[in-house]
Structure formats: C-alpha cells, structure tokens
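Chemist:
Residue numbers (this note's numbering): -17 to 113.
#1: Considering only C-alpha positions, which residue in the set 71, 88 and 42 is nearest to residue 58?
#2: Inspect the beta-carbon positions of residue 52 and residue 64 and report whether they are closer than 7 Å.
#3: Going by DSSP in three states, residue 53 sits in which element: helix, strand or coil?
#4: Does residue -2 pass the burial test, meaning 16 or more other C-beta atoms within 10 Å, or should it be called exposed?
#5: Could you give the distance in angstroms between the alpha-carbon of residue 28 and the alpha-carbon of residue 79?
#6: Rounded to whole angstroms, how far is the Cβ of residue 95 from the Cβ of residue -12, which I believe are closer than 8 Å?
#7: Output the residue ranges of the beta strand (DSSP E) runs that lie fully inside the region 9 to 36 and measure 3 residues or longer, sorted by chain position.
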C-alpha cells in the first residue's frame, strides 16, 4: 500500500499531506455521496481524460479558482467547466466534482502535479539493512 504527497509541478507548493492508496474497486459511484474517504487516493483511468488521481473533497492546500464559472452546477460543482482548484500560487491542478447528480471527489490532473512517495519505516530498514 503506497503513501504519497502531492505537490504543484509548476511551483512545488505542497497540495496534500499523506494520502494512502485505496483500491479503485472500493470507490463509490452513487450520486451525492463521497466517492472516497479522506486521506485516501486512488488512480482511475477514464476514456475521455485518461489516468487521474481521485481524492476526497477536503481542506487540502488547494484554493478555489478565481473564475467562478468553473463551479457551475445546481447544488455544487458539476466538474464540467475545467479545472477549478489551484495551488496556493494560482496554478490550475484539479477539478472538484460535488453536484447532487455526481459522486463527490476531486480529480487531480497528473500532468499538473509531482507525486512524492513516502516510504515506511519497514521499507527504510529493508533498504538500510538488506532485510
């Protein structure tokens, strides 16, 4: 099971604390509910957009896009109007999907982030002592 952190590829701003991998089979696709638990991530592969990292809607180190039109929807963000989440320096990185007719999640654009994998103490000892 991997643990990662995400950073903006453009400016290296921290985007998340530790996120632990969740198998894509555990994602929930019901309308109006959280697709994934907080502090988890999953890699998905969509026909239209390719591979993406899916994370929960939470208070990460993201900011809302300055263009309010990116958040259209009746009860939340439909996710259909482009990336609506930025790093603290304003670089577009992700799209919040949170409308009543969608599952709720943030899809992170892999081309916009740097992924840093955290190794566990056990993995470190394996490397250090050749266990």
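Every residue, glycine too, gets a C-beta built ideally from N, C-alpha and C. As the structure is a prediction and not an experimental result, all values here were calculated from the model.
Modeler: Taking the coordinates as given:
#1: Sequence index remark: in the chain shown, residue 58 carries index 76 (1-based). When only C-alpha atoms are compared, the closest one is 88.
#2: The residue labelled residue 52 in the question sits at position 70 within the chain shown. The residue labelled residue 64 in the question sits at position 82 within the chain shown. Cβ atoms of residue 52 and residue 64: closer than 7 Å.
#3: Looking up residue 53 in the chain shown gives position 71. Residue 53: helix per DSSP, three-state reduction.
#4: Counting from 1 along the chain shown, the entry for residue -2 is found at position 16. Burial call: buried.
#5: As a working note, residue 28 is residue 46 in the chain shown. As a working note, residue 79 is residue 97 in the chain shown. One C-alpha to the other measures close to 15 Å.
#6: Residue numbering aside, residue 95 sits at position 113 when the chain shown is read from its first letter. Residue numbering aside, residue -12 sits at position 6 when the chain shown is read from its first letter. With 8 Å as the limit, residue 95 and residue -12 qualify as a contact, their Cβ atoms being about 5 Å apart.
#7: Unbroken beta strand (DSSP E) runs of no fewer than 3 residues, entirely contained in the region 9 to 36, are found at 22 to 28, following chain order.
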